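K.L.:
Take a look at this one; I'll ask things after.
2 protein chains.
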Amino acid sequence: MASSPTPSFSMFPRFLSFAYGVLIFSSFCHCRRLQDSLKGLTLDSVRDFLTREEDTIVFSLIERAKYPYNSPTYDPSYLHGKFSLVEIFVRETEAVQAKAGRYQNPEEIPFFPNNLPLSLAPPYKFPQVLYPAAASVNVTKTIWTMYFNDLLSLFTTRGNDGNYALTAASDLVCLQALSRRIHYGRFVAEAKYRDAPQDYNPAIRAQDKDALMKLLTSESQEELVKRRVKKKAMVFGQDITLDENDTGDSNSNRTNYKVDPSIAYHLYGDWVIPLTKLVEVEYLLHRLD
Amino acid sequence: MASSPTPSFSMFPRFLSFAYGVLIFSSFCHCRRLQDSLKGLTLDSVRDFLTREEDTIVFSLIERAKYPYNSPTYDPSYLHGKFSLVEIFVRETEAVQAKAGRYQNPEEIPFFPNNLPLSLAPPYKFPQVLYPAAASVNVTKTIWTMYFNDLLSLFTTRGNDGNYALTAASDLVCLQALSRRIHYGRFVAEAKYRDAPQDYNPAIRAQDKDALMKLLTSESQEELVKRRVKKKAMVFGQDITLDENDTGDSNSNRTNYKVDPSIAYHLYGDWVIPLTKLVEVEYLLHRLD
Numbered sequence: 001m002a003s004s005p006t007p008s009f010s011m012f013p014r015f016l017s018f019a020y021g022v023l024i025f026s027s028f029c030h031c032r033r034l035q036d037s038l039k040g041l042t043l044d045s046v047r048d049f050l051t052r053e054e055d056t057i058v059f060s061l062i063e064r065a066k067y068p069y070n071s072p073t074y075d076p077s078y079l080h081g082k083f084s085l086v087e088i089f090v091r092e093t094e095a096v097q098a099k100a101g102r103y104q105n106p107e108e109i110p111f112f113p114n115n116l117p118l119s120l121a122p123p124y125k126f127p128q129v130l131y132p133a134a135a136s137v138n139v140t141k142t143i144w145t146m147y148f149n150d151l152l153s154l155f156t157t158r159g160n161d162g163n164y165a166l167t168a169a170s171d172l173v174c175l176q177a178l179s180r181r182i183h184y185g186r187f188v189a190e191a192k193y194r195d196a197p198q199d200y201n202p203a204i205r206a207q208d209k210d211a212l213m214k215l216l217t218s219e220s221q222e223e224l225v226k227r228r229v230k231k232k233a234m235v236f237g238q239d240i241t242l243d244e245n246d247t248g249d250s251n252s253n254r255t256n257y258k259v260d261p262s263i264a265y266h267l268y269g270d271w272v273i274p275l276t277k278l279v280e281v282e283y284l285l286h287r288l289d
Numbered sequence: 001m002a003s004s005p006t007p008s009f010s011m012f013p014r015f016l017s018f019a020y021g022v023l024i025f026s027s028f029c030h031c032r033r034l035q036d037s038l039k040g041l042t043l044d045s046v047r048d049f050l051t052r053e054e055d056t057i058v059f060s061l062i063e064r065a066k067y068p069y070n071s072p073t074y075d076p077s078y079l080h081g082k083f084s085l086v087e088i089f090v091r092e093t094e095a096v097q098a099k100a101g102r103y104q105n106p107e108e109i110p111f112f113p114n115n116l117p118l119s120l121a122p123p124y125k126f127p128q129v130l131y132p133a134a135a136s137v138n139v140t141k142t143i144w145t146m147y148f149n150d151l152l153s154l155f156t157t158r159g160n161d162g163n164y165a166l167t168a169a170s171d172l173v174c175l176q177a178l179s180r181r182i183h184y185g186r187f188v189a190e191a192k193y194r195d196a197p198q199d200y201n202p203a204i205r206a207q208d209k210d211a212l213m214k215l216l217t218s219e220s221q222e223e224l225v226k227r228r229v230k231k232k233a234m235v236f237g238q239d240i241t242l243d244e245n246d247t248g249d250s251n252s253n254r255t256n257y258k259v260d261p262s263i264a265y266h267l268y269g270d271w272v273i274p275l276t277k278l279v280e281v282e283y284l285l286h287r288l289d
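Structure (C-alpha cells):
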C-alpha cells in the first residue's frame, strides 16, 4: 500500500507496445498453433466450460439481486447528461481491465471496444483455437439490450437503496458472465465442426442458416441444461442453515430462493441457449471462408 | 451503445460538487437522523447482514478459484515497475467506483483512499447510524496483507493461465466482500452498544480492550458461524448434477468442492471473526469520545 506517487497503468513504459509487434509476427505461426491447440479443444472440454460457467452466471444473478432495481443507475438524467451511470461505469471499468490485459484472452469481448486503451501487460500466448475468419462474431449489443430491457426487472425487487455504484458493478459481472458464455458458442462450434466437418460442410457451402441451426440443436440436451441451471439457482440461492441433517438439501427452504429458479430456467431457454446457437451458426457460416 | 464522444465520468458538470455543500450542511441534522436510523439497526438486522455476506464471500472465493494462483498478477517485475498489476488494478478500479459514488455508503471503504476522485453521482442519504468519532476504524491494510500473504495460496491451485486481469478482478471482489464484512463490525458494535450501553460503558471509560473483547466474544456463536460458512462452501462449491433425487444434497459430490470447505472454516476462525471483533473493540473504544 505504498502511498506516493499513485501508480497507474499509464506510468508503464511505452516500449511494452513493442510486444504487440511480437504478437503480430507470431500470427504467422497461427496454422501450426491452431493444430496444436485443437488437441485441447474437445466436445468434453467445451461441455465442462459451459457447465462451470452456469455456476458463475447463477452466482452473479444472486449477487445482483442483493440490491433492488435502483432505476437511477439506468437513467441518463440522473447524471444530468446523455449517458447512464451504468454505461459510463462499464466503459471506464472495461478501460481499466483492457489495460490489465483482459481482452488478450479470445474468450473475453468488451461491450464498448471503441477507444479501449492497449494492454500494458506483456502478451500472453493464449491458445488460438478459433478459425480467424469466423472469430469476430459479436452479439454484445443484443446481450446488453436483453439484460437491461428484459432480464433485469425479472430478478430484482422494485425499489431504490442508493447503492448505484455497487449495482452497476454487479450488472457488469452479470453481463461479462453472460457474454463469456454466449460468445463461447464460437468455441462450441469449432469443437463440433472439428468433430465432424463432413456433417457441416454442405450447409456451410450453401450458407444455409436453418440447416446449421438444425444440426446444432438438441432439444433433449437443452432441456437438461435448463433444468440443471434451475437446480443451481435452487441450491445456490437457498438460505443455508445448520439443520439437523446438514446436507444442504435444497428442498428445505423452497420459498427463500434469492433468485426465482424459474427465471434462471427461462433465462437459459429464452436467451442464453438461443444466443449461443446464433453465435455458433454465425461462426460456422464463415468456417470455410 | 453510442459511439462518440466516449462518455466518461469526467464529462459531468462540476457544479454537482455543490451537492457536497448540501451534504455537509445536512450533517448538522446528524443527531436527529442518527436517532431515526437507529430504529433500523437492530441485533437481528446486523445478524441478517452478516449471514447474507457469508454467501457473497463464499461465492467470491469459488470464483477466484476458477483461476490458478497466477503469480505475475502479484509480481511488480511483471510490469517492469514498482507496483504489481493487482495493486494498480485495484487503485484504478476504486477510482472508477468512487466516481460512481460507491464510497458514499458508509459500509464501503476503499483500500487506497488517497487521491480518490470525488463522487460525481448526486449525494444519497444513506442512514447515518455510526457514532461519528468511532466510525473511522480501518483495517484495510491488515485485510490486504492477510489476503495476499496468507489466504490466497490456500484456495488456489499452483499454476499460470495468463488470465491476470480476470484474476485481479476476482481478487478485488474477494477483498471488497471481506472488507465489507469485517468493517461491518462497526455496525455490529453500535447495535450491541445501543442494546445494552450499561454493559459496555465501564470498559469503554477504562479503555480496557481485553474487557471489551470478552464482552463481544461468544465462542458458541462463533463456532456456529464457522460451521455454517463451511457448509456454504460445501453446498455452493459442489458440482450440481441432475441426479435422481434432485435435492442439491451436498453429500453427493463430496470430493469435488471448488474451494476446500475447511479453508472457509479457518478463514472465518483465524481472520474474519477476529478482525471483525478487532473492529468492534476499536469502535467501542471511541464510542464515548
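Order-wise, the sequence lines are chains A and B.
The first sequence begins at 1 in full-length UniProt numbering and counts up one residue at a time.
The second sequence begins at 1 in full-length UniProt numbering and counts up one residue at a time.
Virtual Cβ for every residue (Gly too), placed ideally from N, Cα, C.
Values in this document were obtained by computation on a predicted structure and should not be read as measured data.
Can you name, in chain order, every residue of its own chain whose Cβ lies under 7 Å from the Cβ of A:G195, other than the five neighbours on each side?
P.N.:
Stepping through the first sequence from its first residue, residue 195 of chain A is reached at position 195. A small fix is needed here, since residue 195 of chain A is Asp in this sequence, not Gly. Excluding positions up to five away in sequence, the list reads L43.
K.L.:
Can you find the residues in the same chain that come closer than 6 Å, C-beta to C-beta, to A:T247, ignoring five residues on each side of it along the sequence?
P.N.:
Here the question's residue 247 of chain A lines up with position 247 in the first sequence. Its pLDDT being 49, under 50, A:T247 is placed unreliably in this model, and the coordinates cannot settle the point.
K.L.:
Any beta-carbon of chain B closer than 8 Å to the one on A:G269?
P.N.:
For the purposes of this step, residue 269 of chain A is identified with residue 269 of the first sequence, where counting begins at 1. No - not a single Cβ of chain B is within 8 Å of the one on A:G269.
K.L.:
Would you mind sorting B:K277 into buried or exposed? The rule is 16 or more other CB atoms within 10 Å of its CB.
P.N.:
In the second sequence, counting from the first residue as 1, residue 277 of chain B sits at position 277. It counts as buried.
K.L.:
I want to verify the contact list: residues of chain A whose CB lies under 8 Å from the CB of B:S8, in sequence order.
P.N.:
Within the second sequence, numbered from 1, the residue matching residue 8 of chain B stands at position 8. Under the 8 Å cutoff, chain A gives I88, R91 and E92.
K.L.:
Would you say A:E63 lies against chain B (beta-carbon separation less than 8 Å)?
P.N.:
The residue you call residue 63 of chain A lines up with position 63 of the first sequence. Yes, A:E63 lies at the interface with chain B (some Cβ there is under 8 Å from its Cβ).
K.L.:
Exposed or buried, what is A:N70 when buried is set at 16 or more other beta-carbons lying within 10 Å of its beta-carbon?
P.N.:
Indexing the first sequence from 1 puts residue 70 of chain A at position 70. Buried, since its Cβ has 16 or more Cβ neighbours within 10 Å.
K.L.:
Decide if B:N163 is buried, meaning its Cβ has at least 16 other Cβ atoms within 10 Å, or exposed.
P.N.:
As a first step, residue 163 of chain B is located in the second sequence; it is residue number 163 there, counting from the start. It is buried - the Cβ of B:N163 has at least 16 other Cβ atoms within 10 Å.
K.L.:
Residues of chain A with CB closer than 9 Å to the CB of B:Q97, please, in chain order.
P.N.:
Reading the second sequence from its first residue, position 97 is the one you call residue 97 of chain B. Correct list: F89, T93, A165, L166, A168 and A169.
K.L.:
Quick one: Cα of A:N149 to Cα of A:V96, how far?
P.N.:
For the purposes of this step, residue 149 of chain A is taken as residue 149 along the first sequence, with counting starting at 1. For the purposes of this step, residue 96 of chain A is taken as residue 96 along the first sequence, with counting starting at 1. Going from the Cα of A:N149 to the Cα of A:V96 covers about 26 Å.
K.L.:
So does the stretch 56-70 of chain A actually touch the stretch 111-131 of chain B, counting three or more Cβ pairs closer than 8 Å?
P.N.:
Taking 8 Å as the limit for Cβ pairs, the verdict is that the stretch 111-131 of chain B does not touch the stretch 56-70 of chain A.
K.L.:
For a test of the three-state rule: what should DSSP assign to B:A95, helix, strand or coil?
P.N.:
Here the question's residue 95 of chain B lines up with position 95 in the second sequence. In this structure, B:A95 counts as helix in the three-state DSSP scheme.
K.L.:
Can the beta-carbon of A:R181 be found less than 8 Å from the beta-carbon of A:V259?
P.N.:
Locating residue 181 of chain A in the first sequence gives position 181, where the first residue counts as 1. Locating residue 259 of chain A in the first sequence gives position 259, where the first residue counts as 1. No. Outside cutoff.
K.L.:
With a threshold of 16 other CB atoms inside 10 Å of the CB of B:F220, please say whether the residue is buried or exposed.
P.N.:
As a working mapping, residue 220 of chain B is identified with position 220 in the second sequence. Here residue 220 of chain B turns out to be Ser, not Phe, going by the sequence shown. Answer is exposed; the Cβ neighbour count stays below 16.
K.L.:
Could you check how far apart the C-beta atoms of A:L242 and B:L288 are, in whole angstroms? I think they sit under 8 Å.
P.N.:
Here residue 242 of chain A corresponds to residue number 242 of the first sequence, with the count starting at 1. Here residue 288 of chain B corresponds to residue number 288 of the second sequence, with the count starting at 1. The pair is not a contact, with the Cβ atoms about 37 Å apart (cut-off 8 Å).
K.L.:
For a minimum of 4 consecutive residues, which ranges assigned as the alpha helix (DSSP H) are wholly contained in the stretch 145-181 of chain B?
P.N.:
Within the stretch 145-181 of chain B, the complete alpha helix (DSSP H) runs of at least 4 residues are 152-155.
K.L.:
At a CB-CB cut-off below 7 Å, which residues of chain B make contact with A:K226?
P.N.:
One-based indexing of the first sequence puts residue 226 of chain A at position 226. Residues of chain B passing the Cβ test: none, with the nearest at roughly 10 Å.
K.L.:
Does chain A have any CB closer than 8 Å to the CB of B:A189?
P.N.:
Numbered from 1 along the second sequence, position 189 holds the residue referred to as residue 189 of chain B. With 8 Å as the cut-off, B:A189 does not count as an interface residue toward chain A.
K.L.:
Less than 7 Å between C-beta atoms, sequence neighbours within five positions excluded: which residues of the same chain meet that for A:F236?
P.N.:
Locating residue 236 of chain A in the first sequence gives position 236, where the first residue counts as 1. Counting only Cβ-Cβ distances below 7 Å, and skipping sequence neighbours, we find V58, F59 and I62.
K.L.:
Let's see if you can read the secondary structure: which residues bound the alpha helix (DSSP H) around B:K209?
P.N.:
What you label residue 209 of chain B is simply residue 209 of the second sequence in a count that begins at 1. Segment K209 to L216, the alpha helix (DSSP H) holding B:K209.
K.L.:
Would you say B:K82 faces chain A, with C-beta separation under 8 Å as the test?
P.N.:
Walking along the second sequence from the start, residue 82 of chain B turns up at place 82. So yes, B:K82 belongs to the interface.
K.L.:
Helix or strand or just coil, what does DSSP make of A:D249?
P.N.:
Taking the first residue of the first sequence as position 1, residue 249 of chain A is located at position 249. With a pLDDT of only 49 at A:D249, under the threshold of 50, the placement of this residue in the model should not be trusted, and no figure is reported.
K.L.:
Below 7 Å CB to CB, which residues in the same chain sit around B:P117 once its five sequence neighbours on both sides are set aside?
P.N.:
For the purposes of this step, residue 117 of chain B is taken as the residue at position 117 of the second sequence. So the list reads A95, A98 and K99, once near-sequence residues are dropped.
K.L.:
Short check: CB of B:L284 to CB of B:Y184, under 8 Å?
P.N.:
As a position in the second sequence, residue 284 of chain B is number 284, starting the count at 1. As a position in the second sequence, residue 184 of chain B is number 184, starting the count at 1. Contact: no.
K.L.:
For B:V281 versus B:K209, is the C-beta distance shorter than 8 Å?
P.N.:
On the second sequence, residue 281 of chain B is found 281 positions in, with the first residue counted as 1. On the second sequence, residue 209 of chain B is found 209 positions in, with the first residue counted as 1. Against a cut-off of 8 Å, the Cβ pair of B:K209 and B:V281 comes out as a contact.
K.L.:
Using Cβ-Cβ distances below 7 Å, what residues of the stretch 177-201 of chain B are close to chain A?
P.N.:
Residues: none.
K.L.:
Within 8 Å (strictly less), CB to CB, does A:R158 reach chain B?
P.N.:
Looking up residue 158 of chain A in the first sequence gives position 158. Answer no: the Cβ-Cβ gap between A:R158 and chain B never drops below 8 Å.
K.L.:
Would a check of beta-carbon distances place B:V235 closer than 8 Å to chain A?
P.N.:
If you number the second sequence from 1, residue 235 of chain B lands on position 235. At least one chain A Cβ lies under 8 Å of B:V235.
K.L.:
A:V229 and A:E54: beta carbons closer than 8 Å?
P.N.:
Against the first sequence, residue 229 of chain A aligns to sequence position 229. Against the first sequence, residue 54 of chain A aligns to sequence position 54. Yes, Cβ-Cβ distance for A:V229 and A:E54 is below 8 Å.
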